[in-house]
Amino acid sequence: MKSPFDSLQTTVVLGLVLTVVMVLAVMGIADHGVGASLPEGEGGGGGMSIAIFVARWAHVVSGIMWIGLLWYFNFVQVPSMAEIPAELKPAVSKFIAPRALWWFRWAAASTVLFGVILAGAGRYIVDAFALGLTDRGADTSIIGFGIWFALIMAFNVWFIIWPNQKKALGIVTATDDEKKKAARMAFLASRTNLMLSLPMLFAMLGMRHFAEFIS
Ligand code: HEM
Numbered sequence: 000m001k002s003p004f005d006s007l008q009t010t011v012v013l014g015l016v017l018t019v020v021m022v023l024a025v026m027g028i029a030d031h032g033v034g035a036s037l038p039e040g041e042g043g044g045g046g047m048s049i050a051i052f053v054a055r056w057a058h059v060v061s062g063i064m065w066i067g068l069l070w071y072f073n074f075v076q077v078p079s080m081a082e083i084p085a086e087l088k089p090a091v092s093k094f095i096a097p098r099a100l101w102w103f104r105w106a107a108a109s110t111v112l113f114g115v116i117l118a119g120a121g122r123y124i125v126d127a128f129a130l131g132l133t134d135r136g137a138d139t140s141i142i143g144f145g146i147w148f149a150l151i152m153a154f155n156v157w158f159i160i161w162p163n164q165k166k167a168l169g170i171v172t173a174t175d176d177e178k179k180k181a182a183r184m185a186f187l188a189s190r191t192n193l194m195l196s197l198p199m200l201f202a203m204l205g206m207r208h209f210a211e212f213i214s
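Following numbering that gives the first Met the number 0, the numbering of the sequence shown begins with 0 at its first residue and continues without gaps.
Structure below.
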């Protein structure tokens, strides 16, 4: 039997529609912004514009796609490659990896775009880039570290991992020796990003949910 879930696009559209239905349901249920279980000022409108909230949602959705694939590469694909018989390896290198890398690098670009929009809209972008040394705030300091770590990661994706993977996967021509070196470079950059992803995510959440414990 055919199902709407047979189509990837339809499934994503259904997810978006469900999001809208959920928001309408909440609007129907709630008669004020903040419920009894949330402290004053938390979770409510708080003057935050809807557009910024949608940008924050798009930022986290893109970030999950990006970091999800980074963790897939490190926790699933790379360890499996060592065990996959030689005749089956092309299934990964010719079909799975190029598609995964497409989503990986564009998700990284989208995450950076929405992240910079958020920091700009919040008017703390300069203090964040200065790691909070300008305003001495724990919030701008921690998000600053997160932004710098994430920017290093995005640089690695676009300028180290992708060009080297193109050689390693045979998307551009390279000698066997060049392919081996390229695969090693891409691997080390990917491992660097895996390491950075942990403090980066701590910092992303930390601006709103951790900085208060320090200041
Ligand atoms: C260079 C890339 C990035 C930049 C410039 C950036 C920027 C930001 C900024 C400015 C915020 C604070 C938004 C606000 O509440 O005002 C934020 C929050 C957040 N970011 Fe990023 N970010 C980047 C990468 C990532 C990545 C890769 C992820 C992975 C999922 C991520 C996940 C989050 C999450 C979960 C929040 C918390 C939202 C909240 O608590 O309301 N970010 N990011």
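For each residue, glycine too, the CB sits at the ideal point set by N, CA and C.
I'd like to confirm something about residue i: is its beta-carbon nearer than 6 Å to some heavy atom of ligand 1, or not?
| i | result |
| --- | --- |
| R104 | no |
| L117 | yes |
| M203 | yes |
| T110 | yes |
| R207 | yes |
| A173 | no |
| G121 | yes |
| G62 | yes |
| L150 | yes |
| V59 | yes |
| G114 | yes |
| I146 | yes |
| I49 | no |
| I66 | yes |
Consider the Cβ of residue i: report whether some Cβ of chain D lies at a distance smaller than 7 Å.
| i | result |
| --- | --- |
| R55 | Of the chains in the structure shown, none is chain D; there is only one protein chain. |
Using 10 angstroms around the beta-carbon of residue i, count the other beta-carbons present and answer buried if the total reaches 16, otherwise exposed.
| i | result |
| --- | --- |
| D126 | buried |
| I142 | buried |
| K166 | buried |
| H208 | exposed |
| D5 | exposed |
| S2 | exposed |
| L69 | buried |
| M206 | buried |
| V171 | exposed |
| V75 | exposed |
| S196 | buried |
| M203 | buried |
| V12 | exposed |
| M199 | buried |
In terms of alpha-carbon separation, which member of the options lies closest to residue i?
| i | options | result |
| --- | --- | --- |
| W161 | L187, T9 and F212 | L187 |
| Y71 | R190, L130, P84 and I49 | R190 |
| F201 | A99, L168 and S140 | S140 |
| S92 | D138, L168 and V156 | L168 |
| A108 | K88, M152, A96 and I95 | M152 |
| H58 | P89, L117 and L17 | L117 |
| R104 | P84, P78 and G67 | G67 |
To the nearest angstrom, how far is it from the Cα of residue i to the Cα of residue j?
| i | j | result |
| --- | --- | --- |
| M64 | D175 | 32 Å |
| S48 | V19 | 17 Å |
| Q8 | A29 | 32 Å |
| L150 | G114 | 10 Å |
| H31 | V25 | 11 Å |
| G14 | L23 | 14 Å |
| R183 | T133 | 39 Å |
| V60 | A54 | 10 Å |
| L130 | A99 | 33 Å |
| W147 | I124 | 12 Å |
| P89 | A96 | 10 Å |
| N155 | E82 | 27 Å |
| T110 | K179 | 30 Å |
| A50 | G119 | 13 Å |
Runs of beta strand (DSSP E) lying entirely within the region 58-129, each at least 3 residues, in chain order = The region 58-129 contains no whole beta strand (DSSP E) run of 3 or more residues.
task = Jot down the residue ranges of each uninterrupted alpha helix (DSSP H) in the region 149-177, minimum 4 residues, whole runs only, in chain order.
result = Listed in chain order, they are 161-167.
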